[in-house]
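Colleague: Residue numbers (my numbering), protein chains in the order written: chain A, 9 to 418; chain X, 5 to 363. Backbone N, C-alpha and C define an ideal beta-carbon position, used for all residues, glycine too.
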Amino acid sequence: MRNKIYLIALIVIAVPVLARAQANSCVDCHLKLDGELKAPAVNYAQDAHALFGLQCQDCHGGNPAAADEDKAKDKTFKGAPKRAQIPEFCGRCHADAGYMRTANAKLRIDQLDQYWTSKHGQQLKKGDAKAAVCTDCHGNHNIQSAKFPKSSTFPWNVAATCGRCHGDAEYMKPYKIPTNQPAEWKDSVHAKALLDKKDMSAPTCNDCHGNHGAYPPEVKSVASVCRQCHPSTGDLFNKSAHKKAFDDMGASECEACHGNHKILQPSNAMLGTQNPSVCIQCHEKGSAGFQAAEELKGLLDAFDARTEAADSVLSAAEKKGVEVSEPQFRLRDMATIDILAKNLVHGLNVTDIRKKLEEAGPTLAEVEKAGTAALGEAKYRRRGLILATVLLALFGVALFMKIRTLKKPE
Amino acid sequence: MNKLGQNVWTYLNDRFKLQGPIEFFKHKTVPEHKHSFWYYFGGIALFLTALQIATGIMLLLYYTPSIDAAHESIQFIMSSVKFGWLIRSVHSWSANILVGILFIHMFSTFFLKSYRKPRELTWISGFFLFVLFLAFGFSGYLLPWNELSYFATRVGTDIAGSLPLVGGWLKGVILGGSGISQATLSRFFWFHVALLPLAAVAIIAVHIWLVQVLGMSRPVGMKDVKLREEPFFWNFIAKDALGWTTILVLIGVLCVFLPWEIGKKADAFAATPMGIKPEWYFTFMFTTLKLIPSHILGIEGEKLAIMAFMAGGLFWMLAPFLDRRAAQDKKSPIFTWIGVIIAVYIVILTVMTYTVKTL
Chain A
9 MRNKIYLIAL
19 IVIAVPVLAR
29 AQANSCVDCH
39 LKLDGELKAP
49 AVNYAQDAHA
59 LFGLQCQDCH
69 GGNPAAADED
79 KAKDKTFKGA
89 PKRAQIPEFC
99 GRCHADAGYM
109 RTANAKLRID
119 QLDQYWTSKH
129 GQQLKKGDAK
139 AAVCTDCHGN
149 HNIQSAKFPK
159 SSTFPWNVAA
169 TCGRCHGDAE
179 YMKPYKIPTN
189 QPAEWKDSVH
199 AKALLDKKDM
209 SAPTCNDCHG
219 NHGAYPPEVK
229 SVASVCRQCH
239 PSTGDLFNKS
249 AHKKAFDDMG
259 ASECEACHGN
269 HKILQPSNAM
279 LGTQNPSVCI
289 QCHEKGSAGF
299 QAAEELKGLL
309 DAFDARTEAA
319 DSVLSAAEKK
329 GVEVSEPQFR
339 LRDMATIDIL
349 AKNLVHGLNV
359 TDIRKKLEEA
369 GPTLAEVEKA
379 GTAALGEAKY
389 RRRGLILATV
399 LLALFGVALF
409 MKIRTLKKPE
Chain X
5 MNKLGQNVWT
15 YLNDRFKLQG
25 PIEFFKHKTV
35 PEHKHSFWYY
45 FGGIALFLTA
55 LQIATGIMLL
65 LYYTPSIDAA
75 HESIQFIMSS
85 VKFGWLIRSV
95 HSWSANILVG
105 ILFIHMFSTF
115 FLKSYRKPRE
125 LTWISGFFLF
135 VLFLAFGFSG
145 YLLPWNELSY
155 FATRVGTDIA
165 GSLPLVGGWL
175 KGVILGGSGI
185 SQATLSRFFW
195 FHVALLPLAA
205 VAIIAVHIWL
215 VQVLGMSRPV
225 GMKDVKLREE
235 PFFWNFIAKD
245 ALGWTTILVL
255 IGVLCVFLPW
265 EIGKKADAFA
275 ATPMGIKPEW
285 YFTFMFTTLK
295 LIPSHILGIE
305 GEKLAIMAFM
315 AGGLFWMLAP
325 FLDRRAAQDK
335 KSPIFTWIGV
345 IIAVYIVILT
355 VMTYTVKTL
């Protein structure tokens with residue numbers, strides 16, 4: 009009996025003590041406030057830091073166990089950092105190798121160093137308070153991992169995050185740089201791959217410009233940026249006559265023909281001697297380059313025309329009910345050859361391109377043969393149907409005549 | 005008949021006693037009246053069944069009942085086997101037309117009250133045949149192993165699994181495991197080409213025997229009316245053959261202009277495609293299950309609907325014993341109205357399945 013009384017007394021005393029220990033006066037008070045002062049208390053539960061067990065005092069100091077505001081804001085209290093202090097404020101942990109090894113060993117610790125090399129960091133150092141700091145891209149009390157699809161730094165959302173400033177003409181006015189990059193990128197082949205096809209390997213802003221060390225690539229480095237994903241194209245270009253010519257002109261290799269943010273799906277129209285060919289930007293009529301441009305376009309156009317013709321024959325046969333999935337599947341290989349041949353254009357070796365396109369010859373011939381045979385089969389079926397219907401109709405008529413001659417029921 | 009023919013006939017007749025049946029058919033007649041038209045659907049159903057058996061046997065030459073090869077074998081049949089496209093398309097189209105004809109045959113029999121004494125067993129054997137042919141359709145649908153059939157089978161077996169008490173067990177038996185797998189394809193194939201054909205042939209034999217020995221039923225009230233009788237051979241058979249010829253032309257046109265599609269190979273890991281539906285003849289039940297509220301009087305709606313369909317099926321099968329007025333050769337408007345309501349319900353729900361996009 010006595011033991012039970014002790015146990016009850018222990019519970020009666022321990023529960024309020026434990027409850028007190030769990031209380032967070034920061035949250036309690038901020039929940040009573042409005043607007044941006046209330047937001048941290050509302051949002052923080054979803055924050056990536058909260059998931060790692062960090063609490064208000066771990067960044068802002070103070071004593072959340074104290075109910076009294078003055079006691080809560082004790083001498084350790086740091087409050088909210090000023091905008092210019094934010095990189096170092098975050099960097100206290102994120103640039104501390106020892107701390108991050110225990111807190112989240114998977115994260116890099118060079119973000120702060122990179123930041124100070126970035127254009128944003130350099131502007132901030134110059135005293136430009138408008139320059140982006142950590143919270144502009146990551147948020148503050150609702151920070152999400154970049155792997156989380158709703159995060160502002162998840163690949164699908166990066167362009168919108170950067171575009172908040174870089175797409176705002178008024179905000180960017182003092183810097184005298186264009187603000188159409190986010191909109192242009194949205195029209196690009198890269199955006200279509202990332203946003204429409206959900207191809208996570210397609211680049212968004214930070215893949216070319218970097219993220220924490222974001223800096224506009226200069227003419228000499230643009231080609232290196234593109235080569236991160238298009239190495240074989242870069243190798244072909246390096247071996248081509250264009251390499252020296254571009255270097256001599258100080259032209260920016262890839263960007264000179266493909267543009268930068270609005271990089272469209274390359275097409276044969278980019279070659280040749282008629283607008284919108286990019287070749288005629290440099291090659292004058294009558295020059296060897298001009299003739300080569302015409303020849304390249306002719307080769308690729310002829311291949312595409314043959315492939316499209318084979319495809320339309322197969323489609324026509326398919327519409328007529330003939331099974332052509334196998335030749336259609338084989339025709340898909342032509343797309344691969346087409347891409348490889350177009351890539352070879354960067355090497356400017358017409359013989360190589362011709363050879364690559366000729367590789368498709370036997371398959372294309374078989375597909376064409378299958379297509380023609382399928383159309384023939386469709387005709388054969390229709391003729392067969394007409395013949396069968398005529399025979400059955402004759403049989404039906406004969407049957408009908410016979411029925412009429414049969415003895416009438418009594 | 006020449007001497008050789010006479011000798012052959014005598015030889016066969018001595019052994020098979022053919023004279024009796026031939027005399028029977030020679031004298032067999034069919035009553036002629038304003039509803040005689042409906043008699044022909046039984047013959048058309050039989051003709052289509054023969055077509056099913058013939059084309060099915062031919063398909064067996066090339067079809068491979070394996071989840072790795074089933075779809076490819078159908079593709080091979082459709083593209084590389086001489087007249088493979090025709091055989092498969094005839095099999096699939098005639099199967100669907102057959103189910104449609106069975107609906108007409110069954111409802112016309114119901115409305116003419118042809119099930120009444122002494123034809124109760126003809127009706128019950130016909131009912132079992134109808135169920136068997138639906139099972140043929142369900143099992144055959146999965147065999148091409150395409151996306152549509154795979155997911156529709158999943159929906160179908162899930163419905164079977166939600167049956168009270170026996171659902172879990174039944175689903176396991178149908179699937180041969182917890183999900184659609186090689187075991188499912190193997191047993192669907194076994195059902196389709198072995199068990200169901202055996203059962204169907206046996207019941208068809210009983211059904212035809214009963215139809216022949218009992219003769220065609222006269223509509224209610226015409227029992228003692230003097231009607232014209234036409235000989236079964238050749239008058240009736242010749243008219244029936246005219247129907248078969250028409251159906252054959254229709255099937256030919258469908259096969260040439262709309263060969264039965266192969267579809268995309270089933271992928272167990274793919275998401276269920278939007279708007280997945282079973283074969284058309286199951287859609288009235290499928291849509292009912294979609295439309296029914298989740299709970300009615302505290303009972304799960306889906307289970308209640310399945311129980312209602314089962315009870316409906318039982319009522320339908322036992323109609324000859326329940327329709328006492330028809331048994332006395334009197335008109336039974338209540339049963340006529342029940343039949344009308346069921347037919348209208350089936351038609352409306354089937355049409356809704358294909359026209360209401362929000363379903």
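What is the DSSP secondary structure of Thr161(X), reduced to helix, strand or coil?
Modeller: Three-state DSSP puts Thr161(X) in a helix.
Colleague: Should Met220(X) be flagged as near chain A, meaning a C-beta pair shorter than 9 angstroms?
Modeller: Chain A, which has no Cβ nearer than 9 angstroms to the Cβ of Met220(X), makes this no.
Colleague: Counting pairs of beta carbons, one from the stretch 269-282 of chain A and one from the stretch 297-310 of chain A, are three or more of them closer than 8 angstroms?
Modeller: Yes, since at least three Cβ pairs between the stretch 269-282 of chain A and the stretch 297-310 of chain A fall closer than 8 angstroms, the two stretches touch.
Colleague: Within its chain, find whatever has a CB closer than 6 angstroms to the CB of Gly171(A); leave out the 5 residues flanking it on each side and keep chain order.
Modeller: If we look at Gly171(A) and ignore the five residues flanking it on each side, its Cβ neighbours are Pro190.
Colleague: I'd like to know if Lys32(X) contacts chain A, where contact means its C-beta is closer than 9 angstroms to some C-beta of that chain.
Modeller: It does not; no Cβ of chain A falls within 9 angstroms.
Colleague: Counting only Cβ-Cβ distances shorter than 9 angstroms, please list the residues of the stretch 240-256 of chain X near chain A, keeping chain order.
Modeller: Answer in chain order: Ala242, Lys243, Ala245, Leu246, Thr249, Thr250, Leu252, Val253 and Gly256.
Colleague: I'd like the list of long-range same chain contacts for Tyr107(A), defined as Cβ closer than 7 angstroms, with 5 residues on each side in sequence excluded.
Modeller: So the qualifying residues of the chain are Cys101.
Colleague: Is any beta-carbon of chain X found at less than 9 angstroms from that of Phe403(A)?
Modeller: Yes, Phe403(A) lies at the interface with chain X (some Cβ there is under 9 angstroms from its Cβ).
Colleague: So, for Ile105(X): in the same chain, excluding its five sequence neighbours on each side, which residues have a beta-carbon less than 6 angstroms away from its beta-carbon?
Modeller: Same-chain partners within the cutoff: Phe45, Ile48 and Ala49.
Colleague: Please list, in chain order, all residues of the same chain as Leu293(X) whose beta carbon is under 7 angstroms from its beta carbon, the five residues on each side excluded.
Modeller: Excluding residues within five positions, the ones whose Cβ falls inside 7 angstroms are Ile163, Glu306 and Ala309.
Colleague: Under 9 angstroms between the Cβ atoms of Asp82(A) and Gly61(A)?
Modeller: Their beta carbons are not under 9 angstroms apart, which means Asp82(A) does not touch Gly61(A) by this criterion.
Colleague: Quick check on DSSP: helix, strand or coil for Val34(X)?
Modeller: Residue state, collapsed to three classes: strand.
Colleague: Taking the alpha carbon of Arg389(A) as the point to measure from, which residue in Lys328(A), Arg340(A) and Lys364(A) has its own alpha carbon closest?
Modeller: The candidate whose alpha carbon is nearest that of Arg389(A) is Lys328(A).
Colleague: Can you give the Cα-Cα distance for Pro72(A) and His146(A), rounded to whole angstroms?
Modeller: Roughly 25 angstroms between the two C-alpha positions.
Colleague: Nearest to Ile280(X) by alpha carbon, out of Thr362(X), Leu199(X), Leu218(X) and Leu179(X)?
Modeller: Checking every option, the nearest Cα to that of Ile280(X) belongs to Thr362(X).
Colleague: Since Ile266(X) meets chain A, which of its residues come closer than 8 angstroms, beta carbon to beta carbon?
Modeller: Here the neighbours are Glu331 and Ser333.
Colleague: Looking at the structure shown, is Asn6(X) part of a helix, part of a strand, or coil, going by DSSP?
Modeller: Here Asn6(X) sits in coil by DSSP.
Colleague: Once DSSP output is grouped into helix, strand and coil, what is the label at Glu302(A)?
Modeller: Helix at Glu302(A).
Colleague: Out of Thr380(A), Glu292(A) and Asp341(A), which has the shortest C-alpha to C-alpha gap to Glu326(A)?
Modeller: The option with the nearest alpha carbon to Glu326(A) is Thr380(A).
Colleague: Since Ser221(X) and Leu116(X) are thought to touch, with beta carbons under 8 angstroms apart, how far apart are those beta carbons, to the nearest angstrom?
Modeller: About 7 angstroms separates the two Cβ atoms, so the contact holds.
Colleague: Quick one: list the residues of chain B neighbouring Thr397(A), beta-carbon separation under 9 angstroms, in chain order.
Modeller: The question asks about chain B, but that chain is absent: this structure's protein chains are A and X.
Colleague: State the beta-bridge partners of Pro364(X) as determined by DSSP.
Modeller: An answer regarding residue 364(X) cannot be provided, because it is not within the stretch 5 to 363 covered by chain X.
Colleague: So for His102(A), helix, strand or coil by DSSP?
Modeller: Three-state result, His102(A): helix.
Colleague: Suppose the cutoff is 6 angstroms on Cβ atoms and the five residues either side in sequence are ignored; what does the same chain contact list for Trp446(A) look like?
Modeller: Outside the displayed span of chain A (9 to 418) sits residue 446(A), for which this structure offers no information.
Colleague: Looking only at its chain, what residues have a beta carbon closer than 8 angstroms to the beta carbon of Lys415(A), apart from the 5 residues adjacent to it on each side?
Modeller: There are no such residues.
Colleague: Could you check whether Ile101(X) and Ile251(X) sit closer than 9 angstroms to each other, using their CB atoms as the reference points?
Modeller: It is a contact, given that the beta carbons lie within the stated cut-off.
Colleague: With which residues is Asn150(X) paired in a DSSP beta bridge?
Modeller: The partner list for Asn150(X) (beta bridge, DSSP) reads Lys269(X).
Colleague: In chain order, what residues of the same chain lie with their CB nearer than 7 angstroms to the CB of Met289(X), ignoring the 5 residues before and after it?
Modeller: Same-chain partners within the cutoff: Phe313.
Colleague: Quick one: residues in its chain with C-beta nearer than 7 angstroms to the C-beta of Phe142(X), no 5 flanking neighbours on either side, listed in chain order?
Modeller: So the list reads Gly160, once near-sequence residues are dropped.
Colleague: Under a Cβ-count criterion, where at least 16 other Cβ atoms within 10 Å of its own Cβ denotes burial, should Val141(A) be classed as buried or exposed?
Modeller: When all chains shown are included, Val141(A) counts as buried.
Colleague: Give the single residue among Asp104(A), Asp66(A) and Asp76(A) whose Cα lies nearest to the Cα of Ala88(A).
Modeller: Closest by alpha carbon: Asp66(A).
Colleague: Tell me the rounded alpha-carbon separation between Val229(X) and His211(X).
Modeller: Approximately 26 angstroms between the Cα atoms of the pair.
Colleague: Apply the 10 Å Cβ neighbour rule to Pro201(X) and answer buried if 16 or more other Cβ atoms are within range, or exposed otherwise.
Modeller: Flag for Pro201(X) reads buried.
Colleague: Excluding the 5 residues flanking Lys175(X) on each side, which residues of the same chain have their C-beta closer than 7 angstroms to its C-beta?
Modeller: Closer than 7 angstroms at the Cβ level, and outside the excluded window around Lys175(X), lie Thr161, Ala164 and Gly165.
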